Amino acid sequence: MRTNRLFILLTVLSSVFSSKVILAQSDSEIIRQLVMNAYVESTQNLGSIDEIRKGFHPSFTMFRQIDNEVKYTTLDEWIVSIEQRRKDAGGKLPRTEGKILSIDITGTSAAVKMELHREGKLIFTDYLGLYKFKEGWRIVSKTYYRHPD
10 MRTNRLFILL TVLSSVFSSK VILAQSDSEI IRQLVMNAYV ESTQNLGSID
60 EIRKGFHPSF TMFRQIDNEV KYTTLDEWIV SIEQRRKDAG GKLPRTEGKI
110 LSIDITGTSA AVKMELHREG KLIFTDYLGL YKFKEGWRIV SKTYYRHPD
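Counting in the working numbering, the sequence shown runs from 10 upward without gaps.
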């Protein structure tokens, strides 16, 4: 009888632990796909503006350090500049590759550190902040470092 109870207890604990690990992996993979699709493919390459709006929260803000001050850009302002860059390039942008270095998740908050490479050169190191909303994970902020040419 005692062995049966121990077996049941171990089975339940194993199930609970496995569920939490699967959930964490699931959130991590969802974030990875979101960042690669909405951010890398859609803001840096020629992906869909609709995908940007799906992956970024409307209150998204990009923070830039310029001349020892912090400037910010809203999502709508950034989309206008993305559309202008595409227009100026005639739809022929050099491909940007993204490399996710880390994803750190705590509850409904996450941080992603990644690199952007273009034509074999490291261009940016980005730090993306995300929250998990009822609709799912969304990118809410970005800071970055632009590497010298």
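Cβ atoms here follow ideal geometry from the backbone N, Cα and C, with glycine treated the same way.
Values in this document were obtained by computation on a predicted structure and should not be read as measured data.
Straight-line Cα distance separating residue j from residue i
i, j, result
"residue 94", "residue 60", "17 angstroms"
"residue 138", "residue 123", "12 angstroms"
"residue 89", "residue 58", "10 angstroms"
"residue 65", "residue 41", "14 angstroms"
"residue 97", "residue 87", "15 angstroms"
Residues of its chain near residue i, where Cβ-Cβ distance is below 6 angstroms and the 5 sequence neighbours each way are ignored
i, result
"residue 53", "105"
"residue 82", "71"
"residue 134", "124 and 154"
For residue i, the three-state DSSP class (helix, strand or coil)
i, result
"residue 47", "helix"
"residue 78", "strand"
"residue 122", "strand"
"residue 63", "helix"
"residue 104", "coil"
"residue 137", "strand"
Own chain, CB closer than 8 angstroms to residue i, minus 5 neighbours either side, in chain order
i, result
"residue 36", "114, 119, 141 and 146"
"residue 55", "95, 100 and 102"
"residue 31", "Its pLDDT being 49, under 50, residue 31 is placed unreliably in this model, and the coordinates cannot settle the point."
Identity of the residues DSSP links to residue i by a beta bridge
i, result
"residue 131", "126"
"residue 72", "81"
"residue 155", "133"
The region 43–52 / the region 72–83 touching (three or more Cβ pairs under 8 angstroms) | no
Counting Cβ pairs, one atom from each stretch, are 3 or more of them under 8 angstroms apart for the region 106–125 and the region 135–154?
-> yes
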